[in-house]
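Heads up: the structure comes next, in structure tokens.
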Amino acid sequence: MDKGKKNSGPRILAIPFPSPGHTNPMMQLCKRLVSKGLKATMALTKYSAKTLKGSTDLVQIETLSDGEDEAGISDTDTLIDALTRFKKNGSESLAQLINKYQSLEDPIVCVIYDSLLPWVVEVPKKFGLVSVAFFTQQSAVNFIGYHFYHKLLSYPVVELPVSIPGLPLLELQDLPKYGMFPSHQEIVIEQFSTVKMADIAFVNTFYKLEEEVLGEMSKVCPMKTVGPTIPSFYLDNIIENDKDYGFSQPRDASECINWLNSKPSGSVVYVSLSTVAFSNPGANQIEELACGIKGSNYYFIWIVKAFEMEKLP
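Position one of the sequence shown corresponds to residue 96 (this note's numbering), numbered consecutively onward.
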């Protein structure tokens, strides 16, 4: 894409779930849409906008309030508490943002939102805008969650193997481990509460990879595959010099890379609990994990959130 060329197409607004694992696929999708002639704005929570490093000239960044703009998800929060607060404050903040753009020469015509924020769809509907649910996970996981939400499959599962249209017979080890994190289970399943309100759903996969299950899911609501959402350099090079995956925590990685390069191949264990699935482990759990890592007798890199540092043994 010619960086000197200003797009004249319609503007879309993207609302990602506030964690890098969801923000980055949304950013890649936005860059793709811009390469097709559209304009794109991404709305991050104010805390995410302050703490995440990374940017692109192709996508404009705006902010939304989640009600905790200075601290984000604190160590006293449960994930449910944080997202309930985001829904309450974010709905009003999003409406204000849309209103701001509607008075400009390039108003928002479409809102693409992460499916894990099901409340978002109600806001663009009030403005008569097109709404698109964006599923960052593969279709197989999505469709299993759909069956749990609609009670087509009991949880916990009592009868095996599990039969779901478009998928092979599933044993217990094939199913998502929602039960390990009850709040995560509720969030993942609730994403289907409003999906039929969306005009279409985008899925971060490609058709030939999940052809059968996509065929079944398309009976629920219109769907379009848009994956894999990775930089253009690794796909088709349509976007010039596009190698950046998106946002990350602001830190100098050179020290870590140099340390890794000094170790033999296959000798380092990487440990990360992600930003969503395990948002607030207790001190005893941190200690058990530390003992396990130490007992492995491997070099290791352990990603620890700032508020968890005091729990380290």
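For every residue, glycine included, the Cβ atom is placed at its ideal position computed from N, Cα and C.
Which of helix, strand or coil DSSP assigns to residue i
{"i": "ASP209", "result": "strand"}
{"i": "LYS400", "result": "coil"}
{"i": "TYR393", "result": "coil"}
{"i": "ALA146", "result": "Here residue 146 is Thr; the residue named in the question, Ala, does not match the sequence. Of the three classes helix, strand and coil, the one that applies to THR146 here is helix, per DSSP."}
{"i": "LYS131", "result": "coil"}
{"i": "LEU199", "result": "coil"}
{"i": "LEU368", "result": "coil"}
{"i": "GLU163", "result": "coil"}
{"i": "LEU355", "result": "helix"}
{"i": "LEU407", "result": "coil"}
{"i": "THR171", "result": "With a pLDDT of 48 at THR171, under the threshold of 50, the modelled position of this residue cannot be trusted; read the value that follows with caution. Residue state, collapsed to three classes: coil."}
{"i": "LEU153", "result": "coil"}
Status (buried if at least 16 other CB within 10 Å, exposed otherwise) for residue i
{"i": "VAL253", "result": "exposed"}
{"i": "THR171", "result": "Note that THR171 scores a pLDDT of 48, beneath 50, so its modelled location is shaky; the value from the coordinates is reported in the next line. THR171 is exposed by the Cβ-count criterion."}
{"i": "PRO256", "result": "exposed"}
{"i": "GLN268", "result": "exposed"}
{"i": "ASN119", "result": "buried"}
{"i": "ASN299", "result": "buried"}
{"i": "GLY387", "result": "exposed"}
{"i": "ILE398", "result": "exposed"}
{"i": "ASN392", "result": "exposed"}
9 Å Cβ cutoff, residue i in contact with chain D
{"i": "SER249", "result": "Absent here is chain D; the protein component of the structure consists of one chain."}
Given residue i as reference, the closest of the options once Cα atoms are compared
{"i": "GLN380", "options": "GLU403, SER362, TYR394 and GLU157", "result": "GLU403"}
{"i": "SER360", "options": "TYR394, PRO113 and ILE282", "result": "TYR394"}
{"i": "MET312", "options": "LYS303, ALA235 and PRO263", "result": "ALA235"}
Should the stretch 191-205 be called in touch with the stretch 101-110, which here means at least 3 C-beta pairs below 8 Å?
yes
Length at least 3, wholly inside the stretch 208-292: the beta strand (DSSP E) runs in chain order:
225-230
What residue ranges within the stretch 298-348 form continuous alpha helix (DSSP H) runs of no fewer than 4 residues, ordered along the chain?
306-312
Would the stretch 220-230 count as touching the stretch 242-253 if we require 3 or more Cβ pairs under 8 Å?
no
Would you call the stretch 316-335 and the stretch 358-369 touching, i.e. three or more CB-CB distances under 8 Å?
no
Are the stretch 305-312 and the stretch 286-295 touching, with three or more C-beta to C-beta distances below 8 Å?
no
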